[in-house]
Structures are given as structure tokens and as C-alpha cells.
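Q: Just passing along the structure, written as C-alpha cells.
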Amino acid sequence: MHTDIWACPEAANYTPGTDLTGYKVEATDGSVGKVDKHSAEVGACYLVVDTGPWIFGRQVLLPAGIISSVDGEQRTVHVSRTKEEIKDAPEYVPDRHDHDGGHRMEFSDYYLAFFR
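Under full-length UniProt numbering, the residue at position 74 of the sequence shown is numbered 74, and the numbers go up by one with no gaps.
This is the structure we're talking about:
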């Protein structure tokens, strides 16, 4: 079982060094939005997704550990969560995420609960 929520699973077909910015993001039950920011930092990989009209004006943070596959040809990232699960995640606050370890821990706790 993959439980490092901040690392991309090997089975996801992600090629290190590939910038996922601009890729579409698909939950298990439909479109979430497009990748606004992609961090590939070891031990801290994540996507920031602009949800567009789905959750108007909101960005969501998705830890790389929930990526189920990356399709470079279709420029699409598939994640292993539903839209509702993503919508219910802690609110992403860019300044807090970059400077507050507690904010990152909120995301770890939320998403790791699905692997227990």
C-alpha cells in the first residue's frame, strides 16, 4: 500500500522532471480542473489545481500520493479520489502552505485517512 502522501506512486507513470502545469485533472467521477502549480520537490510533491467553475474561485491542493496515473499524451492527471472528497479537503491557503508545517499536516491527515 502506498502511504507516502507527498510522493508520486511509481505505478502512476509519472516521469520525474515532467512539468504537469496545465494538465487536466480527473477525479474518479469527473473533471476537477487544471494544474496551476506543480511541485516536484522530493518528499513534498503536490499539485495546486484551479477548479474553475466547479468550485468557483477556489484552488485545491492535491498531494502527489493520490495520483493514480499520468497520461502525457492526453495531458491528463488522474487521481484516486472523488470530486466530493477533494471538495471536502482542507482549504488551501498558499501563504500558509509554504510557511506553516501545520497546514501541510492538515492535508496529510485528511488524505491519509483514505488509506487506513
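A virtual CB, placed ideally from N, CA and C, is assigned to each residue, including glycine. Computed from a predicted model, the values in this text were never measured in an experiment.
For Pro16, which residues from the same chain have a beta carbon less than 6 Å from its beta carbon, with the 5 sequence-adjacent residues on both sides left out?
A: none
Q: Taking 7 Å as the limit between beta carbons, can you name the residues of its chain near Ile66, skipping five residues before and five after?
A: Here the set comprises Val79, Ser80, Arg81, Tyr111.
Q: Tell me which residues share the same chain as residue 117 and place their Cβ nearer than 7 Å to its Cβ, disregarding the 5 neighbours each side in the sequence.
A: The displayed coordinates of the chain run from 1 to 116. Any statement about residue 117 would go beyond what the structure contains.
Q: For Glu73, is the classification buried or exposed, using 16 other Cβ atoms within 10 angstroms of its Cβ as the cut-off for buried?
A: The residue is exposed, with fewer than 16 neighbouring Cβ atoms inside 10 Å.
Q: May I ask you to report which of helix, strand or coil DSSP gives Tyr46?
A: Strand at Tyr46.
Q: Going by DSSP, which residues form a beta bridge with Gly33?
A: Val25, per the DSSP bridge assignment.
Q: Per DSSP, which one or two residues make a beta bridge with Pro63?
A: Tyr46
Q: Considering Cα atoms alone, identify which of Ala27, Leu62, Ser31 is closest to Lys37.
A: Measuring from the Cα of Lys37, the nearest candidate turns out to be Leu62.
Q: Can the beta-carbon of Gln59 be found closer than 8 Å to that of Asp71?
A: no
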